[in-house]
Amino acid sequence: MNALRGYIREGINVACIMGAGDMLAQMGIQKKSISEWDAGRTIRFSALGLLLVGPVMRKWYGTLETLVKKDQPPIMRGIKKMLWDQVCFAPPFTLALSFLVPFVNGENTDVIIERIKDKYFFILSRNYMLWPPSQIINFTFVPLNYQVIFVQCIALLWNCYLALILNKD
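Structure below.
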């Protein structure tokens with residue numbers, strides 16, 4: 001039961017932060033007024049956080065904890081976890097979000113696939129500018145129970161960026 005509560009808690013936390021990122025994208029960057037704000041888009045983006053991103057990240061971080069031996073200096077563990085994360089997790093997870101965000105917003109699958117062909121490597125290259133140093137800090141200094149929320153605080157801006165790139169407006 002505690003494990004389930006942990007997944008639910010992470011899902012709720014991530015949903016709130018992803019929703020805030022989408023609202024920031026719409027109102028802060030796209031300069032939409034409250035009446036122009038697409039609340040449905042924000043809710044759908046948040047739902048992905050609740051149902052997918054939060055639980056998947058919690059599971060992944062637990063897996064990383066078992067993959068990287070604990071008998072090493074913390075900085076080495078942090079670097080190794082970051083490498084696992086950025087080599088094995090980031091590419092397919094970025095691909096999944098690149099498909100799912102426009103899909104839940106009702107876009108045509110063929111259009112989504114073309115956008116992925118056009119933007120996936122660009123998004124992934126931007127991922128590699130932000131996340132490796134952030135993850136080294138996360139995996140080295142942040143306790144496991146707080147790693148998902150730490151990442152989501154950084155992800156507020158990343159989610160804003162993704163919302164802008166992955167939503168056609």
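Heads up: the sequence shown at position 85 corresponds to 85 in our numbering, and the numbers run straight through without jumps.
All C-beta atoms, glycine included, are put in the ideal place defined by N, C-alpha and C.
Around Leu156, the same chain offers Ile17, Ala20, Gly21 and Leu24 as residues with beta carbons nearer than 8 Å, after the five sequence neighbours per side are excluded. Segment contact: the segment 92 to 100 against the segment 135 to 148, fewer than three CB-CB distances shorter than 8 Å; contact not assigned. Per DSSP, the continuous alpha helix (DSSP H) segment holding Phe141 begins and ends at Thr109 to Phe141.
Taken in chain order, the complete alpha helix (DSSP H) segments of 4 residues or longer contained in the segment 30 to 54 are 39 to 48. Sixteen is the threshold: since fewer than 16 other Cβ atoms of the shown chains lie within 10 Å of the Cβ of Leu67, the residue is exposed. In this structure, the straight-line span from the alpha carbon of Met27 to that of Thr63 is close to 37 Å.
For Cys88, there is no enclosing alpha helix (DSSP H), as DSSP marks it with neither H nor E. The residues Met23, Gln26 and Met27, in chain order, have a CB closer than 8 Å to that of Trp37 in the same chain once the five nearest residues on each side in sequence are set aside.
In the three-state reduction of the DSSP assignment, Gln72 falls in the coil class. Around the C-beta of Phe122, fewer than 16 other C-beta atoms lie within 10 Å, and the residue is accordingly described as exposed. The three-state secondary structure of Asn2, taken from DSSP, is helix.
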